Amino acid sequence: MAALFTPFTLRTVTLPNRIMISPMCQYSAHEGFCNEWHTAYITKVSQGRPGCVMVEVSVVEKRGRGTYGDLGIWEDGHLAGLRALATIIESYGAVPAIQIGHAGRKVSAQRPWEGNGPLGPRDARERGELPWVGVGASPLPVDERWVPPREATEADLDTMVEAFRQGARRAVQAGFKLVELHMAHGYLLNSFLSPIANQRTDAYGGSLENRMRFPLRVAKAVREAIGADLPMSVRLSSVDGLEGGWTIEDSIAFSHKLKALGVDIIDCSSGGIAGPATAARVAVPRGPGYQVPFADAIRREVNIPTIAVGLITEPAHAEAILNEGKADIIAIGRQALQDPNWPLNAALALGVDPQFDRWPAQYGWWLARRAGIPPAPWPGNQ
Ligand SMILES: Cc1cc2nc3c(=O)[nH]c(=O)nc-3n(C[C@H](O)[C@H](O)[C@H](O)COP(=O)(O)O)c2cc1C
């Protein structure tokens, strides 16, 4: 059996295979509510039969939205829609997961296809989308084009810890079995960790210990809200990839702390502290599996399960990463947009499912016949 198709257990939750659909914001929500687009997208990727589908980052405070299209988890009104997504995922046999987050100083952005920059007069004119000011570790803008955020006060920090706690509580209430805390890509929690975004002089800035303080407070609150049965993941930007930034050694030190708090798995991304994580100008060089070394290092040094993500598109590559012990789960992002049946096609490619048995019968019966596999004998009808 290919490693990719072996189960993996975290606390009381078992993924039927090692493939996770990476969280991918659809920028298509209204006031944080999901709609037909989300249910269609989640259905498509769930029908591909991954072990886990992670719903895109859902923001815990309205002011923490990256764009007007972000999914929300900041009020109980969002529960019904989120519950529908969790139900769809589970109905296809995958573990329903959700990422919760807060965009921090990267709020008030255009959707990628509407400019991918800060909101401005044209967005207000064309779509009525007015800009707002973010809150961050320090009043430093993402880059020269962006409005500086307001420096978070002690009261803001207390409010945000509580918002994360409530967000995690809602995630569980909506039926998700794995909750991931977004600490990557330059958003709020990443902005506290990285010395590039955090120049505070209080107990939350300066030393590594101090920069970790607020993210650890949030992690603790989320851990408590989830309860002991369900697993918790943290997505890190393992490195900033910039001079004077957060390093893999910092990620290792931080992951030790997260593990001690009860975090079960680290999802190893990178970049985004100054500019969008998916933009071409990031400093971390990109190639197939470019972030796998981070998942490998954290897994080895901290002895904690990891998720590898980033330009993993070939089943044999995903299989090799697992066999080499570099990660425990493989997250598929954009390749799942191109091929929502990626896990099923991987099972074919790796020889795990030569007869299309894993496919939904509505598709598999026909694809097997097309491939020349004879149908089972008529079972009779008595
Ligand atoms: C459309 C889109 C939306 C994304 N939204 C999120 C998100 O909500 N949270 C997150 O942590 N990463 C997000 N990412 C990053 C992906 O989860 C993934 O880490 C990245 O695309 C690299 O993996 P890939 O090469 O398999 O696409 C997004 C990526 C894309 C393409």
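Quick note: to get our numbering, add 27 to the position in the sequence shown (first position is 1). Using N, Cα and C, we set each Cβ at its ideal position, and we do this for glycine too. This one's a predicted model, so the numbers in the text were calculated from it and none came from an experiment.
My output table needs one value for L146: the three-state DSSP class, helix, strand or coil. coil
Taking the beta strand (DSSP E) that V379 belongs to, which residues open and close that run? Element bounds for V379: n/a, residue is neither H nor E.
Are S49 and A358 touching if we call contact CB-CB under 7 Å? yes
Taking DSSP as the reference, what is the three-state secondary structure of H105? helix
Does the Cβ of S296 have 16 or more other Cβ atoms within 10 Å, making it buried, or fewer, making it exposed? buried
Proximity to A262 [Cα-Cα], best of H283, W386, I293: It is Arg, not Ala, that sits at residue 262 in the sequence shown. Out of H283, W386, I293, I293 has the C-alpha closest to the C-alpha of R262.
Would G144 pass as a contact of R172 if the rule is Cβ separation under 7 Å? yes
Straight-line CA distance for V309 to P406? With a pLDDT of 46 at V309, under the threshold of 50, the predicted position of this residue should be treated as unreliable, and no value is reported.
Suppose contacts are defined by Cβ-Cβ distances below 7 Å. Is A113 in contact with G202 by that definition? yes
For G120, count neighbouring C-beta atoms within 10 Å of its own C-beta (all shown protein chains included) and say buried if the count is 16 or more, exposed if not. exposed
Taking only runs that begin and end inside the region 224-284, name each unbroken alpha helix (DSSP H) of 4 or more residues, in chain order. 235-253
Comparing alpha-carbon positions, which option in W386, P258, V86, G99 lies nearest N62? G99
Keeping to the same chain, check which residues put their C-beta closer than 6 Å to that of H105; ignore five residues upstream and five downstream. G59, G99
Would you please state the rounded distance, in angstroms, between the beta carbons of V215 and I127? I believe it to be under 8 Å. Contrary to the premise, residue 215 reads as Leu rather than Val in this sequence. The pair is not a contact, with the Cβ atoms about 11 Å apart (cut-off 8 Å).
Please work out which residues of its chain come closer than 8 Å, Cβ to Cβ, to G271, disregarding the five sequence neighbours upstream and downstream, and give them in chain order. P222, I223
Compute the minimum distance between the beta carbon of E156 and the heavy atoms of ligand 1, and state whether it is under 6 Å. no
For A304, which residues from the same chain have a beta carbon less than 6 Å from its beta carbon, with the 5 sequence-adjacent residues on both sides left out? For A304, the predicted model reports a pLDDT of 43, less than 50, meaning its position is unreliable; a value from the coordinates is still stated below. Excluding positions up to five away in sequence, the list reads H212, G298.
Quick one: which unbroken beta strand (DSSP E) runs of 3-plus residues sit fully inside the region 178-217? Chain order, please. 205-210
For A335: DSSP bridge partner residues: C295, I357
Since A164 and A179 are thought to touch, with beta carbons under 8 Å apart, how far apart are those beta carbons, to the nearest angstrom? 7 Å
Should L157 go down as buried or exposed, given a rule of 16 or more other Cβ atoms within 10 Å for buried? exposed
Could you tell me if A246 is buried or exposed, where buried requires 16 or more neighbouring beta carbons within 10 angstroms of its beta carbon? buried
Consider the C-beta atom of G360 and the heavy atoms of ligand 1; say whether any pair is separated by less than 6 Å. yes
Based on the DSSP output, what are the partners of L349 in its beta bridges? Partner(s): none; L349 has no beta bridge.
Simplified DSSP assignment, three categories, for P123: strand
Pick out whichever of Y54, A373, G161 has its Cα sitting closest to the Cα of G142. Y54
Assigned secondary structure, S73 (DSSP; H/G/I helix, E/B strand, else coil): helix
What does the Cβ neighbour count give for A151, buried or exposed, with the cut at 16 atoms within 10 Å? exposed
Quick one: is Q137 buried, meaning 16 or more other Cβ sit within 10 Å of its Cβ, or exposed? buried
Among K133, S85, G75, G93, the one whose alpha carbon lies nearest that of I115: G75
Between which two residues does the alpha helix (DSSP H) containing I100 stretch? Careful: I100 lies outside any alpha helix (DSSP H) and carries neither H nor E.
So is the beta-carbon of E83 under 6 Å away from any non-hydrogen atom of ligand 3? Annotation note on ligand 3: not contained in the displayed structure, which lists ligand 1 as its ligands.
Let's test the definition: count the other Cβ atoms within 10 Å of the Cβ of E181 and tell me whether it reaches 16, buried, or not, exposed. exposed
Would you say G108 lies against chain D (beta-carbon separation less than 7 Å)? Among the chains in the structure shown there is no chain D, since it carries only a single protein chain.
Among the candidates R361, Y317, L184, E236, whose CA atom is the shortest distance from the CA of D277? E236
Short of 7 Å in beta carbon distance, which residues of its chain neighbour T333, apart from the five on each side in sequence? Order them along the chain. I292, I293, C295, A322, I325, R326, A354, D355
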